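Step one of this worksheet: look at the structure below.
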Amino acid sequence: MDISRRPPRYKPLLSPPPPRHSSASGDSSDHRSSPKASDALPLPLYLTNGIFFTLFFSVSYFLLRRWRDKIRNSTPLHVLSLSELAAITCLIASFIYLLGFFGIDFVQSFISKQEGEDHQPQRFIPDIIQEDRSIHCSLPPPSPSKPKLMELPQDDEDLVKCVVSGEIPSYSLESKLGDCFRAAKIRREALQRLTGRSMEGLPLEGFDYDSILGQCCEMPVGYVQLPVGIAGPLLLNGCEYTVPMATTEGCLVASTNRGCKAILASGGATCVLLRDGMTRAPVVRFASAKRAAELKFFLEDPLNFDTLSVVFNKSSRFARIQGIQCAIAGKNLYIRFSCSTGDAMGMNMVSKGVQNVLDFLLNDFPDMEVIGISGNFCSDKKPAAVNWIEGRGKSVVCEAVISESVVAKVLKTSVSALVELNMLKNLTGSAIAGALGGFNAHAANIVSAIFIATGQDPAQNIESSHCITMMEAVNNGKDLHVSVTMPSIEVGTIGGGTQLASQSACLNLLGVKGASKESPGSNSQLLAAIVAGSVLAGELSLMSAIAAGQLIKSHMKYNRSSRDITKIGS
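Numbering-wise, this note's numbering puts 116 at position 116 of the sequence shown, and it's gapless, one number per residue.
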């Protein structure tokens with residue numbers, strides 16, 4: 001459409017534009033007559049500013065000198081002379097003026113801006129209108145329409161077809177549908193059609209899929225049923241505990257239960273916490289080994305520890321750094337941080353603290369290149385000598401004295417046979433095998449079963465199962481002293497899988513559910529002690545079964561199924 005063809009409906013509303021010289025003179029007169037904030041001053045602005053600036057700094061200097069002299073002469077500061085009173089009055093007056101002075105420019109600009117807005121329509125709108133009338137232009141092209149989001153089918157069958165065809169990514173079902181159970185159901189059906197294999201034996205219903213969204217498991221299609229047995233009571237440090245164990249290995253719960261019975265009959269076990277500290281070890285690189293060594297000396301200097309502690313500890317109200325251990329490989333530096341983490345297992349907590357320290361170190365070591373937040377010197381989910389020697393997580397030792405009568409009646413063996421077997425199997429045999437932290441019979445069995453039942457990270461069973469089992473005849477060879485030393489049990493009672501309903505129930509059974517409000521960290525420490533006590537029971541029972549020649553017999557009885565699994569629905 002041609003703009004010049006529009007009827008001039010705006011003409012009656014606006015007067016014709018005045019000549020440009022008239023407009024200019026009008027603007028000039030308006031500008032001269034407009035009030036300014038500085039007009040209220042009796043003297044010119046520059047002169048007034050100079051007087052008050054000089055007065056402010058001169059009086060400040062005078063007062064500081066007088067107060068310094070009073071302090072040296074032990075004269076009370078509140079005792080003022082006439083000159084000091086006058087100086088304080090001048091200081092306050094000059095301060096008030098200067099405070100107001102900084103607002104004068106703002107007020108003037110604000111007033112000028114409003115006046116300009118009032119005059120602008122009369123000066124420019126008519127000109128613009130006249131120019132528009134002489135311009136022939138077409139309307140602007142319509143803006144491109146936004147792409148429409150794909151509408152999801154309402155029917156489940158259509159949704160399954162969209163997932164199979166790839167129109168809807170399987171991982172996005174939860175966010176698109178807003179129903180985690182329905183998403184799992186559709187994903188499961190699409191998977192069966194894509195693979196051509198049935199998932200009939202994997203249960204779908206009866207699980208809270210909302211509880212794992214964004215934290216425990218992605219793209220769920222069901223859940224695995226795992227039986228949970230109980231062993232106990234385990235008498236540990238004067239308290240009895242019923243230990244939940246999730247396992248599919250026959251004899252494991254029964255064997256641990258027998259060990260608990262032997263410990264209970266002998267007066268219980270004692271467990272001591274040696275240390276509690278989660279670790280994370282980033283790897284950084286420099287241009288030279290000399291620079292890497294300089295950072296090593298800086299981190300290990302006790303004078304710098306307090307500063308690094310403040311930087312590290314601000315990541316959490318529970319994270320408290322305990323120590324820093326460094327190792328160099330050429331121009332690469334591995335920095336192993338250790339910190340307490342309350343009742344959480346603490347991997348995320350310590351990682352945040354480490355990141356804070358690395359960012360801080362870049363100020364003094366800008367040539368430092370961070371290769372990775374984890375350099376395997378931690379060491380997480382891998383057998384490592386550093387965990388075996390220095391410890392990681394909770395380091396505990398648990399012991400008990402089993403009487404000769406209990407060894408004979410409950411364990412069906414003798415003290416001398418157990419001592420000899422432990423030396424030749426757990427110590428000598430493991431040494432010949434080149435074991436790393438594996439000087440035990442089957443600590444990993446008990447650790448894994450308790451980890452799964454209580455929502456721990458099953459992969460951390462690797463270092464958490466580091467254990468050395470010791471057996472020794474005491475009391476003139478009549479009784480058996482047995483102990484397990486476990487330097488790196490990594491457990492928590494909050495976070496991760498501990499919040500799931502089943503795992504939370506198992507923690508509640510042990511009395512360590514959630515975080516301890518009275519003593520942060522005590523719940524996770526108690527859980528580590530229970531793990532060690534259960535390992536002690538398991539070691540005692542299995543070693544007795546081997547010494548008595550009952551291992552094969554018991555496994556043939558309790559660890560073999562008579563069901564033909566080929567006839568179960570496929």
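Glycine included, every Cβ here is placed at the ideal spot set by N, Cα and C. What you are looking at is a predicted structure, and each value in this text was computed from that prediction instead of being measured.
Is it right to say residue i is buried, meaning 16 or more other beta carbons lie within 10 angstroms of its own, or is it exposed?
i: Phe124; result: Its pLDDT being 42, under 50, Phe124 is placed unreliably by the model, and the measurement read from it follows with that caveat. Its Cβ having fewer than 16 others within 10 Å, Phe124 is exposed.
i: Ala501; result: exposed
i: Pro282; result: buried
i: Gln225; result: exposed
i: Lys185; result: buried
i: Tyr223; result: buried
i: Ser266; result: buried
i: Ala287; result: exposed
i: Tyr61; result: exposed
i: Gln460; result: buried
i: Ile450; result: buried
i: His78; result: exposed
i: Asn363; result: exposed
i: Ala433; result: exposed
What are the residues that DSSP puts in a beta bridge with residue i?
i: Glu472; result: His481
i: Ala344; result: Ile494
i: Val224; result: Answer is none; Val224 lacks a bridge partner.
i: Cys467; result: Gly438
i: Leu236; result: Cys239 and Ala269
i: Leu333; result: Val284 and Ile328
i: Val370; result: Val284
i: Gly229; result: Met245
i: Gly393; result: Gly277
i: Ile489; result: Lys394
i: Arg320; result: Ser340
So, with DSSP's three-state summary, where would you put residue i?
i: Ser338; result: strand
i: Pro203; result: coil
i: Thr256; result: helix
i: Pro248; result: Before going on, a small fix: residue 248 reads as Thr here, not Pro. Three-state DSSP puts Thr248 in coil, outside helix and strand.
i: Lys352; result: helix
i: Cys398; result: strand
i: Pro520; result: coil
i: Pro44; result: coil
i: Leu274; result: strand
i: Thr573; result: Residue coverage of the chain in this structure runs from 1 to 570, which leaves residue 573 outside it and unanswerable.
i: Leu152; result: coil
i: Pro383; result: coil
i: Thr428; result: helix
i: Asn376; result: coil
i: Ser403; result: coil
i: Ile168; result: coil
i: Thr195; result: helix
i: Met423; result: helix
i: Leu411; result: coil
Since residue i and residue j are thought to touch, with beta carbons under 8 Å apart, how far apart are those beta carbons, to the nearest angstrom?
i: Thr413; j: Ala441; result: That pair is no contact at about 14 Å.
i: Ser524; j: Thr485; result: The Cβ separation is near 19 Å, so there is no contact.
i: Ala262; j: Ile402; result: 6 Å
i: Gly497; j: Cys180; result: 17 Å between Cβ atoms; not a contact.
i: Ile373; j: Ser351; result: 6 Å
i: Ile324; j: Leu299; result: 5 Å
i: Val535; j: Ala443; result: 5 Å
i: Ser504; j: Lys513; result: 6 Å
i: Gly268; j: Gly238; result: 7 Å
i: Ser483; j: Cys398; result: 7 Å
Just the C-alpha distance for residue i and residue j, rounded to the nearest angstrom, thanks.
i: Ser58; j: Gly50; result: 12 Å
i: Val396; j: Leu159; result: 53 Å
i: Leu64; j: Phe52; result: 18 Å
i: Val537; j: Val531; result: According to the sequence as given, residue 537 is Ala; it is not Val. Cα-Cα distance, rounded: 10 Å.
i: Met245; j: Leu234; result: 13 Å
i: Gly393; j: Ser488; result: 5 Å
i: Leu527; j: Leu507; result: 9 Å
i: Lys314; j: Gly353; result: 7 Å
i: Ser316; j: Phe297; result: 27 Å
i: Gly391; j: Arg275; result: 8 Å
i: Leu295; j: Arg280; result: 17 Å
i: Gln550; j: Ser165; result: 57 Å
i: Tyr241; j: Glu463; result: 24 Å
i: Gly214; j: Gly375; result: 26 Å
i: Gln192; j: Ser198; result: 6 Å
i: Ala515; j: Met345; result: 11 Å
i: Ser170; j: Met347; result: 30 Å
i: Pro44; j: Ser83; result: 29 Å
i: Ser541; j: Asn422; result: 12 Å
i: Val370; j: Leu152; result: 44 Å
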